[in-house]
Amino acid sequence: MKYVELTLVDVGLAAGLIIVNSVISIVLGLKLGRSLLLASIRTILQLLLIGMILDSVFAIDRWYAVAGLLLVMTITAGVAAVGRTERRYPGVYFDSIVAIWASSWIVAAYAMLAIMREVEPWYQPQYAIPLVGMILGNALNGISLGLNRLGEQLTTHRDQVEALLTMGATRGEAARDSIRQAVQTGMVPIINSMMVVGIVSLPGMMTGQLLSGVSPMQAVRYQIVIMFVIAAATALGTVGVVLLGYRRLFNEQHQFRSDLLSRS
Numbered sequence: 151m152k153y154v155e156l157t158l159v160d161v162g163l164a165a166g167l168i169i170v171n172s173v174i175s176i177v178l179g180l181k182l183g184r185s186l187l188l189a190s191i192r193t194i195l196q197l198l199l200i201g202m203i204l205d206s207v208f209a210i211d212r213w214y215a216v217a218g219l220l221l222v223m224t225i226t227a228g229v230a231a232v233g234r235t236e237r238r239y240p241g242v243y244f245d246s247i248v249a250i251w252a253s254s255w256i257v258a259a260y261a262m263l264a265i266m267r268e269v270e271p272w273y274q275p276q277y278a279i280p281l282v283g284m285i286l287g288n289a290l291n292g293i294s295l296g297l298n299r300l301g302e303q304l305t306t307h308r309d310q311v312e313a314l315l316t317m318g319a320t321r322g323e324a325a326r327d328s329i330r331q332a333v334q335t336g337m338v339p340i341i342n343s344m345m346v347v348g349i350v351s352l353p354g355m356m357t358g359q360l361l362s363g364v365s366p367m368q369a370v371r372y373q374i375v376i377m378f379v380i381a382a383a384t385a386l387g388t389v390g391v392v393l394l395g396y397r398r399l400f401n402e403q404h405q406f407r408s409d410l411l412s413r414s
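Residue numbers (my numbering): 151 to 414.
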């Protein structure tokens, strides 16, 4: 099967489809014209930039180049996760970066060394960068949702939490329901994706492989691996950031530091 290369004209024709969004905005009076224009420009510039960076990293083909790019991606994802939350506390950025770094890199290392063990060298950018990128994008959502729900739960149920502490409950017992709700919320998107993958939608990686000529069954195998890897990283990242947040908001004297939570 021949791989079809896209020209700049083809990309321009695709970009013209944004007119559909603009027309809808104008007809319904949504006033999204400026936002659509800004989003379109950012999409083009960001993808062109990452394309040039990837060209350089692929050409260098050294572990430190791959690790450097992945580190930048990880820090950016950690910061972006906090940017989507409404309630924050001192140290939340650090917690988010640590959670997304640990969960994503551990799971990605397992995938590269145990599942895709035939890849040589193990840091081959063709595999490592897209894999970690997909993991980061999904773990980011889980971490963001988990953090946001934790803050909302503790704020909304502050009286209940403090009442439990007053009656002798430990900080773990007082925060248990909030922690459980936060983790559940963070896991919802990936569970929903797994429920409909292949039936309602074909994921991006699988679609890309099919377009490049890979056999459907081989593309399916890759996508199954990716879905389980993403699910594991999302679970670890969400649990990690929620527990880190819990440790900051409850001190060792089993006191709830509600004064640390503030709206963004």
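The C-beta atom is built at its ideal place from N, Cα and C for all residues, glycine as well.
- Counting C-beta pairs closer than 8 angstroms gives three or more between the segment 235-246 and the segment 394-401, which meets the contact rule.
- Residue environment analysis places residue 253 among the buried positions, since at least 16 neighbouring C-beta atoms fall within 10 angstroms of its C-beta.
- One thing to note: residue 281 has its Cβ no nearer than 8 angstroms to the Cβ of residue 249.
- In this structure, the beta-carbon distance from residue 293 to residue 233 does not fall below 8 angstroms.
- Each residue's CA atom was taken as its position, placing residue 338 and residue 373 some 19 angstroms apart.
- For residue 359, the enclosing alpha helix (DSSP H) has its first and last residue at 354-361.
- Residue 323 has its alpha-carbon roughly 18 angstroms from the corresponding atom of residue 391.
- Here residue 246 really is in contact with residue 297; their C-beta atoms are around 7 angstroms apart, less than 8 angstroms.
- In the three-state reduction of the DSSP assignment, residue 172 falls in the helix class, which pools H, G and I.
- Linking residue 156 to residue 362 through their CA atoms gives a straight-line distance of about 12 angstroms.
- For the pair residue 219 and residue 255, the Cα-to-Cα distance works out to about 13 angstroms.
- Nearest neighbour of residue 214 by Cα position, chosen from 410, 407, 380 and 275, turns out to be 275.
- By a beta-carbon distance limit of 8 angstroms, residue 379 does not contact residue 333. Their separation comes to about 19 angstroms.
- Within the same chain, and ignoring the five residues on either side of residue 412 in sequence, the residues whose Cβ sits closer than 8 angstroms to its Cβ are 237, 238 and 239.
- DSSP, read as helix, strand or coil, puts residue 212 in coil.
- Taking a C-beta distance under 8 angstroms as the contact criterion, residue 383 and residue 289 qualify as a contact pair.
- Under a 10 Å Cβ-count criterion, residue 279 is classified as buried, with 16 or more other Cβ atoms of the shown protein chains found around its own Cβ.
- Where residue 272 is concerned, there is no enclosing alpha helix (DSSP H), because DSSP gives it neither an H nor an E.
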